[in-house]
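Chains as they are written, first to last, in our numbering: chain A, 1 to 205; chain B, 1 to 44.
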């Protein structure tokens, strides 16, 4: 992570139009990538839980949703700051990428509320379906800039990354660092979930 | 430069608060475990 931050702040060249603020890109894009990855894990965990009824997959989905909501929140915040610098407004309403991302955040926030307000274990099946259906918004977010007119920049094109070599290498390192951070947070959250389960099992004895 | 600083700062504050919440939950679980151990040793 230190290497990624040094590369983002010192190694990557300063962009001509946006200046230093363009470096927000090196945290914004990885936050978006990890959000999608986390919600994919919720989707996958939900499917496997529905097939096997093994609660460990439900715990994985719940843990990943929580970490995903954190990354998605930070992605929206950095996106708003980027929007202020690039377009002069904090939130350009009507832009398809921003609107679909906000919807994605609200879906998984709803998922978390559903889990928090319901009795543990009883809601797992409904939550799994919610998590699976909610994931359908991820491809919509990704392709929104191609399907509709958007002011949001396109980094990943059909010919690869639309970036200078130094910028691309910085982005790759940042993507790896944030993915690793997600894995660590997910593991920590999952262990917490398992410890809670163990405690209630002991308590019932 | 201010916007760049704000973005990086907010992201790290976010991660820090989440880690703080995880460690808070961890502490609560440990306390519950201790209480449970106390109860079982009293009972047994």
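All C-beta atoms in this analysis are idealised placements derived from N, C-alpha and C, irrespective of residue type, glycine included.
Which of helix, strand or coil does DSSP assign to residue i?
i	result
residue 19 of chain A	strand
residue 1 of chain B	coil
residue 248 of chain A	Any property of residue 248 of chain A remains undetermined from this structure, which presents chain A solely from 1 to 205.
residue 206 of chain A	Any answer about residue 206 of chain A is impossible in this case: the structure gives chain A only from 1 up to 205.
residue 95 of chain A	coil
residue 12 of chain A	coil
residue 89 of chain A	coil
residue 180 of chain A	helix
residue 122 of chain A	coil
residue 135 of chain A	coil
residue 1 of chain A	coil
residue 164 of chain A	coil
residue 206 of chain A	The structure shown does not extend to residue 206 of chain A, since chain A is modelled only from 1 to 205, so the question has no answer here.
residue 153 of chain A	coil
Which bits of chain D does residue i rub up against, with CB to CB less than 7 Å?
i	result
residue 25 of chain B	No chain D appears in the structure shown, which is made up of the protein chains A and B.
Around the C-beta of residue i, are 16 or more other C-beta atoms found within 10 angstroms, so that it is buried, or is it exposed?
i	result
residue 35 of chain A	buried
residue 59 of chain A	buried
residue 24 of chain B	exposed
residue 19 of chain B	exposed
residue 193 of chain A	buried
residue 13 of chain B	exposed
residue 66 of chain A	buried
residue 71 of chain A	buried
residue 13 of chain A	exposed
residue 41 of chain B	exposed
Going along chain A in order, which residues have a C-beta closer than 8 Å to the C-beta of residue i?
i	result
residue 14 of chain B	70, 73, 74 and 77
residue 29 of chain B	192, 195, 196 and 199
What number of angstroms, rounded off, separates the C-alpha of residue i from the C-alpha of residue j?
i	j	result
residue 4 of chain B	residue 82 of chain A	9 Å
residue 169 of chain A	residue 130 of chain A	37 Å
residue 1 of chain B	residue 25 of chain A	14 Å
residue 17 of chain B	residue 182 of chain A	15 Å
residue 174 of chain A	residue 201 of chain A	40 Å
residue 104 of chain A	residue 28 of chain B	31 Å
residue 162 of chain A	residue 118 of chain A	45 Å
residue 9 of chain B	residue 27 of chain A	11 Å
residue 206 of chain A	residue 98 of chain A	The shown model of chain A, from 1 to 205, leaves out residue 206 of chain A, and the question about it has no answer.
residue 63 of chain A	residue 186 of chain A	6 Å
residue 7 of chain A	residue 21 of chain B	29 Å
residue 45 of chain A	residue 136 of chain A	15 Å
residue 180 of chain A	residue 126 of chain A	30 Å
residue 37 of chain B	residue 11 of chain A	53 Å
residue 55 of chain A	residue 138 of chain A	25 Å
Under 9 Å between beta-carbons, which chain B residues line up against residue i? List them in chain order, please.
i	result
residue 177 of chain A	Per Cβ cutoff of 9 Å: no residues; residue 177 of chain A is ~12 Å from chain B at best.
residue 23 of chain A	4, 7 and 8
Against residue i, what residues of chain B qualify as contacts under a CB-to-CB distance less than 8 Å, listed in chain order?
i	result
residue 153 of chain A	Simply none; closest approach about 16 Å.
residue 144 of chain A	Within 8 Å Cβ-Cβ: nothing; residue 144 of chain A doesn't reach chain B, min ~22 Å.
residue 20 of chain A	1 and 4
residue 27 of chain A	7, 8 and 11
residue 189 of chain A	22
Applying a beta-carbon distance threshold of less than 7 Å, which residues of chain B neighbour residue i?
i	result
residue 85 of chain A	3
residue 203 of chain A	36
Given that residue i touches chain A, what residues does it touch there, using C-beta distances under 9 Å?
i	result
residue 10 of chain B	74, 77, 78 and 81
Below 7 Å on C-beta distance, what does residue i contact in chain A?
i	result
residue 32 of chain B	199
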